[in-house]
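K.L.:
Remember, our numbering sits 477 above the position in the sequence shown when you count from 1. Glycine is no exception: its CB is placed at the ideal position from the N, C-alpha and C atoms. These numbers come from a predicted model, not from an experiment. For reference, the structure I am asking about is given below.
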Amino acid sequence: MPKLAKVKRVAIDEIYQGKKLGYLPIVLDLQRGAVIFVGNGKGADALISFWKHLKRSGAYIEAIATGYMGPAYIRAVQSHIPEATLVFDHFHIIKLFNEKLTKLRRDLQREVENGLGKPVLKGIRWLLLKHPDNLDDTRNERQILAEALKLNESLATTYYMEEELRNIWHQPDKTAPQKALDEWVKKAAASNINMLKQFSKIIAAHRSGILAYFDFNGLWF
478 MPKLAKVKRV AIDEIYQGKK LGYLPIVLDL QRGAVIFVGN GKGADALISF
528 WKHLKRSGAY IEAIATGYMG PAYIRAVQSH IPEATLVFDH FHIIKLFNEK
578 LTKLRRDLQR EVENGLGKPV LKGIRWLLLK HPDNLDDTRN ERQILAEALK
628 LNESLATTYY MEEELRNIWH QPDKTAPQKA LDEWVKKAAA SNINMLKQFS
678 KIIAAHRSGI LAYFDFNGLW F
């Protein structure tokens, strides 16, 4: 393992290697863009040897970026590096939302009985996950998506809420995102869509770590 004494900002991620090999957790030094640890397994326990090495190095970690939002993992980070600001990576938050959006589409697909609605909803999975700016007009993707969203109000609402959530990280300073994030949580919680209600609780519970992104902007993925 490389020397860690001068490391200040790190990111923790994992690579899925398939069912046989499982997960491969990695830690990166964000200032150098270098991998400083490769573990084995999933979750906080897979990083035990890293925490030990980090403590021996005497490094002062000021911030740690991660996509993990489980209580056990957060407790482990706060226990081993209490001085560090925990930053929840926006890429993983959007990824988690998209996973739930895909599940919602599947659930709605099963409920649809209209002969026209079935094939339209079934064929828009990747269009839902695409950024609106990347929709291909030469393939009529924008039109196909618009027609599908008209078929179900819950799917349309959730899709546009994903756009609003993504735009929070495009704000120029921390004040605007704070207001936008709180408004998003309030709007999602007030909806009649269970998926949005549940996700609003996740966002609210991790608010400080989400907004911490703007305190260290420029170093995260």
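Unbroken beta strand (DSSP E) runs of length 3 or more, entirely within the region 527-579: which are they?
P.N.:
You should have 540-543, 562-565.
K.L.:
Mark residue 652 as exposed unless 16 or more other C-beta atoms lie within 10 angstroms of its C-beta, in which case mark it buried.
P.N.:
exposed
K.L.:
So what's residue 593 in DSSP terms, helix, strand or just coil?
P.N.:
Only weak support is given to the placement of residue 593: the predicted model assigns it a pLDDT of 48, under 50, and the question is left unresolved by the model.
K.L.:
Output yes or no for whether 8 Å exceeds the beta carbon distance between residue 490 and residue 544.
P.N.:
Result yes, Cβ atoms of residue 490 and residue 544 sit closer than 8 Å.
K.L.:
Using a threshold of 8 Å, state whether the C-beta atoms of residue 558 and residue 538 are closer than that.
P.N.:
Yes, the pair counts as a contact, with Cβ atoms nearer than the cut-off.
K.L.:
Relative to the C-alpha of residue 547, which candidate in 520, 485, 642 has its C-alpha closest?
P.N.:
520
K.L.:
So, helix, strand or coil for residue 585, using DSSP?
P.N.:
helix
K.L.:
Do the region 522-533 and the region 564-583 meet, that is, are 3 or more Cβ pairs less than 8 Å apart?
P.N.:
no
K.L.:
Using 8 Å as the threshold, is the C-beta distance between residue 503 and residue 512 below it?
P.N.:
yes
K.L.:
Identify the residues that DSSP records as bridge partners of residue 491: which are they?
P.N.:
502
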